[in-house]
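Q: Counted from 1, the sequence shown has number 997 at position 997 by UniProt numbering; the numbering is strictly sequential.
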Amino acid sequence: MAKLSVLFKALLNNLFASMPLSIFLMVLYAASIGWATFVEKEYGSIVAHDVIYASWWFELLNAWLGLSLFGCMLKSVKYNGFKVSVHTFHFALIVIIMGAGITRYYGFEGNMVLEDGGSSSFIESRDNFLNVLVSNDVGENGTQSDILPLDSFKKGYDISLSPYVRFSKFSLDTKEAFDKPLSIKSVSIINYSLSSLFEQAKNENREIDPKEIDAKKRENHYLAKFEVTYDGITHTMLLSNRGERAIARFGNRFITLSWGPKFIQLPFELKLDKFEVINYPGSQMPSSFASYVRVIDETYGEYPFKIFMNNVLDYKGYRFFQSEYRVKRDEEGKEMHDENGMPLYAATILSVNNDPGKIPTYIGYTLLILGALWLLFDNDSRFRKLSNYVKSQKVLSIAFIFCGLALFQLSTPLYANAESKNIESDTSKFSQELPRKKSLDSVNSEKKSHLDKQLREKYIQANEDFIAHIATSKESAEKIAPIFADMSDEAIRERIEGLKKIPNKTLKRFAKIQIQGFDGRIKLLDTYSDEIMRKVTGKKEFKGLKHNQFLLGLMTMPEDMAKLRLIKVTNKEILDILGVRDSYVSFEDLFHKDRLNDVYAFSISPNAERLEKFEKAYKLYHFVNTALKKRDSERNEFDKQILRLHEKMDLLMPFSIWHYLRLIPADGDSWIPFGNPNMLDIAQIQQSNPEDRKELTLLVYFLEDFRLQTRVGVALGEWEKLNETLLFYNRYQALVGGSLYLNPTLVESELFLNKTDVFPVSQYFYLALGMLLFFIAFIAILSNKQIPKWLGKTCYILLFCVFVAHTLGLILRWYVGGHAPWSNAYESMLYIAWASALSGVIILRKSYFAMCGASFLAGMALMVAHWGFMDPQIGNLQPVLQSYWLNIHVAVIVASYGFLGLSFMLGITNLILFIFRNQQKRPQVDSAILALSAISEMSMIIGILMLVVGTFLGGVWANESWGRYWGWDSKETWSLVSVGVYACVLHVRLLKPLYLPYIYNVLAVLAFSSILMTYFGVNFYLGTGMHAYAQGEGDSVNRLIFISLALIFILVSLAFMKRKLLHTKETH
């Protein structure tokens, strides 16, 4: 018996308290969920759920991993004593797993749909069930119309059937249905979408396009055959997972089956009094949406409540979250709008959950954060043993200082109050339909009730001298007419050179003019011109032409700009289609030369007849239409480049830019463009309202004079009158812009941010200093000499200055944008670079290699941000992002990438040092490797603690915003993969491998691939999930990753030759 007891304890120890097995289970877990994201990409989320997340073996793996974690913790306490920080942190993970299990098996998630003015007490489940209804006794001659649902047996059963899961079966045997045995068994299941495709192809005797298979297999339309037996009668019933019903007669009763969501009745009901969507000023982009509901309870009466994003209704254990909404559609499926162009809303959709696991989960999150912080303070922790020269309090105060700033949003008047109405303002593409823009010829219909008309009238009277100034311009117009009539190459070059000579004073006046973007944000023409130039040329300056000069050219010299080869085309197939050998093409190169007159005629005065001729002249018209008909996932690289080129064509088309320039403040919060200058109807304006006539006339005069005086300056070098014209419009916008008009501080801040271009400049300093520090430190180690203090201090001061400039740039972008600067791909890369620099400059500053790695990584992050596939434009936030959780969660988790990246860089450095090991000649190299390994591990500990805390804080945000902690979204899944990978790396030392320094550094380098997958792979390769803020074209990034992997393989192989370095007691 004693022997059996010993064997049983040994078995338990090996199964549930073994560190090697626990690490293996963690690797298996991370690999499984990582694999699931690729399954989701290829087959859809339903298959990923059925094959992995909801499978029996995955639930077993979860339980086994949790028990192993608990067993290893008990074993650690037994042999090493209770360490508060370490065991609190690990116990928190166990509590979180338990809370998740309670939620998984006892919680409920669903949706409630409330139509406008309607009420409901039913929830539709998010998961699918086999819904069974056994009807009341309808008699021998009864029909389906005799079924009484209230007198029938109804129940939903959990069902997990999938054609992708071997031995997938469903079986039910019960006597609940009117005390008679009911048996339901699945016989077979197929993917109906694929089966029907193959059957159709067989009947048509054709081959199937692989793209058709890819599309169909993601539809996941299943068809299952069930054998149903009741009261001795058996029928075979076919059932689809799309919720359709199947019904059959069994004696005097009918049995109805459906495979889909089930409906649960609540002990109360909700009534929707009003649904409200508030857009950003002048855009169709929602700023927030809210449901005004009433809770109706027979016991407690009723009370009103406003549900909106991040504001939840809690009642009787149920939580209601604002999820989405539906708009009314006509018979053709098109959205219906009111007289103001606003969508008509049909219903609101509330996410609902009942979560008994919330309290233990939140307790776990709290313990997790406390444990993570304690690990950095505890003198007995691994971190403190590695970094006794770093004071943990200082580490904490500095590492999180920028994250703390996220708790305080800077209020900026970028848009009016949330009650403002929106005016439809989408821009039409010329090649698809004629322009239908609100422009100057319709501004007389806008009643500017928000402005003081007396002030407006006073201002107009004060600018009578401006009208007089315009009257003197006739002579100048006649003088420059022959100059601009000359369209020779030499004449165009001279005019472009003249455009470059515009005085800085005048250019600054132009830059300060304000414009409303199509997302509703007010910005400067300086910002807009930079965006346009980068979009067209890919550069901030092109052949001496700066961004504001570029936009001035498009506005006033469109025919000249159309002949310049500004657009870089790298696709040889497109160049062959255009018949151009150069890598740069012009607007005119995109059209047949013998039909350019048709193109210009359309651009001057578009109509249906001219549009048809324009399309025939456009060389890429067929390719553009083909690409537009495809879904995003179906477009190849050629399609994407065609569409990008088409977008640039639209911007360069003469007079097209005026349809995008929303420069005129109008009624409410929507600014409007001037429209095509050639289509202004002066006679119509003269017939407008008397109270608006003077102002409209003034705006027309400004437009004409602005174009004229720019041309005068270009041709004759006389810029003073243009300066006066721009000054007039600056003053005009200041008066009529209302609350949207940017204040002088914001204007100067935005100009300064654009002018300094701090982030692209910082990247070169970071990279240069990183490489310099590397060579200095590397040579010092090989030569066994100390780095001169003055040299080290100089490099540190330079690096610190760049870091300060980077920090101030982020703060300035925060102020200008009005929200924390990590809401899109570009901003998150800026923040990763900042966190990388922080880790080396402040926290690990006493190691030159640490500073080198931090500086180089920061430079690389900024370089990736400015490769061109990330949009640097500052935009408005989606409603769900308007939460303090954005500032906390994103700041912490993205900052962790910087620390883990530094660990990666130090791993690379150490592998290089391994190659140069020579115990007899260079023993100092071994000492350097061990010291850098310790610094790398410190950085990794900080990084993984921030990653774990940030990931789970994201769960809190998700739960408070839309009612679920975890949805196996690809981004959150890969964050969890990264946590598992780095946890294994940090615990591998407990296995006591022989050559730990080499193994650790190899793992530190390879582990960073999980971070790259989390950040780049999810967005640029998988392209699945809700975290879509960073999506873009990542082909250049993918190429770099493949090259990097090849170089890392070579480096690891070379270092392997000299891997035999043992750790010391201090480093272990």
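Cβ atoms here follow ideal geometry from the backbone N, Cα and C, with glycine treated the same way.
As the structure is a prediction and not an experimental result, all values here were calculated from the model.
Counting pairs of Cβ atoms below 8 Å between the segment 728-738 and the segment 821-834, do you hit three or more?
A: They do not touch, by the three-pair rule.
Q: Looking at the unbroken beta strand (DSSP E) that takes in residue 997, where does it start and where does it end?
A: Taken as a continuous stretch (DSSP letters only), residue 997 belongs to no beta strand (DSSP E), being part of the alpha helix (DSSP H) at 996-1012.
Q: Would you say residue 1003 faces chain D, with C-beta separation under 7 Å as the test?
A: Of the chains in the structure shown, none is chain D; there is only one protein chain.
Q: Put residue 749 into one of helix, strand or coil per three-state DSSP.
A: Helix at residue 749.
Q: What does residue 56 pair with, by DSSP beta-bridge criteria?
A: DSSP, once it has assigned bridges, lists no residue as partnering residue 56.
Q: Can you give the Cα-Cα distance for residue 951 and residue 972, rounded to whole angstroms?
A: About 7 Å.
Q: With distance defined between alpha-carbon atoms, name the residue in 938, 703, 974, 525 nearest to residue 382.
A: Of 938, 703, 974, 525, the residue nearest in Cα terms is 938.
Q: How would you call residue 442, buried or exposed, if buried means at least 16 neighbouring beta carbons within 10 angstroms?
A: With a pLDDT of 44 at residue 442, under the threshold of 50, the modelled position of this residue cannot be trusted; read the value that follows with caution. The residue is exposed, with fewer than 16 neighbouring Cβ atoms inside 10 Å.
Q: Nearer than 6 Å: is that true of the beta carbon of residue 247 relative to any heavy atom of the ligand FMN?
A: No copy of the ligand FMN appears in this structure; indeed no ligand is present at all.
Q: Smallest Cα separation from residue 224: which of 788, 190, 194?
A: Among 788, 190, 194, the Cα nearest to that of residue 224 is on 190.
Q: Residue 873 by DSSP, collapsed to three states: which one?
A: Coil.
Q: Among the residues of its own chain, which have a CB less than 7 Å from the CB of residue 8, if the five just before and after it don't count?
A: For residue 8, where only same-chain residues beyond five positions count, there are no Cβ hits under 7 Å.
Q: So residue 496 and residue 582 are supposed to be a Cβ contact under 8 Å. How far apart are they, rounded?
A: About 18 Å; that fails the 8 Å criterion.
Q: How do the segment 103-120 and the segment 345-357 stand: do at least 3 beta-carbon pairs fall below 8 Å, yes or no?
A: With a cut-off of 8 Å, the segment 345-357 and the segment 103-120 count as touching, because enough Cβ pairs lie within range.
Q: From 357, 502, 830, 797, pick the residue whose C-alpha is nearest to that of residue 808; which is it?
A: The candidate whose alpha carbon is nearest that of residue 808 is 830.
Q: For residue 16, does the three-state DSSP call read helix, strand or coil?
A: Here residue 16 sits in helix by DSSP.
Q: What does the Cβ neighbour count give for residue 536, buried or exposed, with the cut at 16 atoms within 10 Å?
A: The residue in question, residue 536, is buried, as its Cβ has 16 or more Cβ neighbours within 10 Å.
Q: On the CB-based measure, 16 or more other CB atoms within 10 Å of its CB, does residue 739 come out buried or exposed?
A: When all chains shown are included, residue 739 counts as exposed.
Q: Which value, in whole angstroms, describes the spacing of the CA atoms of residue 181 and residue 155?
A: Cα to Cα, residue 181 sits roughly 15 Å from residue 155.
Q: Buried or exposed: residue 56, going by 16 or more other Cβ atoms within 10 Å of its Cβ?
A: Looking at its Cβ environment, which holds fewer than 16 other Cβ atoms inside 10 Å, residue 56 is exposed.
Q: Taking the alpha-carbon positions, what's the residue 1071 to residue 165 distance?
A: Past the edges of the chain, shown from 1 to 1068, lies residue 1071, and the structure says nothing about it.
Q: So, under 8 Å CB-CB, residue 948 and residue 368 are touching, yes? Tell me the CB distance rounded to an integer number of Å.
A: The pair is a contact, with the Cβ atoms about 7 Å apart (cut-off 8 Å).
Q: Once you ignore the five residues that flank residue 942 on each side, which residues in its own chain have a CB closer than 6 Å to its CB?
A: The residues are 899.
Q: At the level of alpha carbons, what is the spacing between residue 146 and residue 138?
A: Taking the straight line from one Cα to the other gives about 6 Å.
Q: Please go through the same chain and pick out, in chain order, the residues whose beta-carbon is closer than 7 Å to the beta-carbon of residue 718, but skip the five residues on each side of it.
A: Excluding residues within five positions, the ones whose Cβ falls inside 7 Å are 712.
Q: Kindly indicate which residue of 999, 578, 106 has the alpha-carbon position closest to the one of residue 317.
A: Ranking the options by Cα distance to residue 317, first place goes to 106.
Q: CB-CB under 7 Å to residue 77, same chain, minus the five flanking residues each way: which ones, in chain order?
A: Here the set comprises 87.
Q: Name the two residues that bound the continuous alpha helix (DSSP H) containing residue 972.
A: Segment 970-987, the alpha helix (DSSP H) holding residue 972.
Q: Which term fits residue 721, buried or exposed, when burial requires 16 or more other beta carbons within 10 angstroms of its beta carbon?
A: Residue 721 should be labelled buried.
Q: Can you grab the Cα-Cα spacing for the pair residue 71 / residue 12, in whole Å?
A: Going by the C-alpha atoms only, they are around 9 Å apart.
Q: Whole-angstrom Cβ separation of residue 272 and residue 291, contact assumed at under 8 Å?
A: Confirmed, about 6 Å.
Q: Can you name the residues that DSSP bridges to residue 110?
A: In the DSSP output, where bridge partners are listed per residue, residue 110 has 125, 352.
Q: Relative to the C-alpha of residue 92, which candidate in 256, 1043, 372 has its C-alpha closest?
A: Selected option, being the one with the closest Cα: 372.
Q: Which value, in whole angstroms, describes the spacing of the CA atoms of residue 492 and residue 715?
A: Between residue 492 and residue 715, the C-alpha separation is close to 11 Å.
Q: Please specify which runs of the alpha helix (DSSP H), each continuous and at least 4 residues long, are wholly inside the segment 762-826, giving them in chain order.
A: The segment 762-826 contains these whole alpha helix (DSSP H) runs: 789-817.
Q: In whole angstroms, what is the alpha-carbon distance linking residue 799 and residue 791?
A: Cα to Cα, residue 799 sits roughly 12 Å from residue 791.
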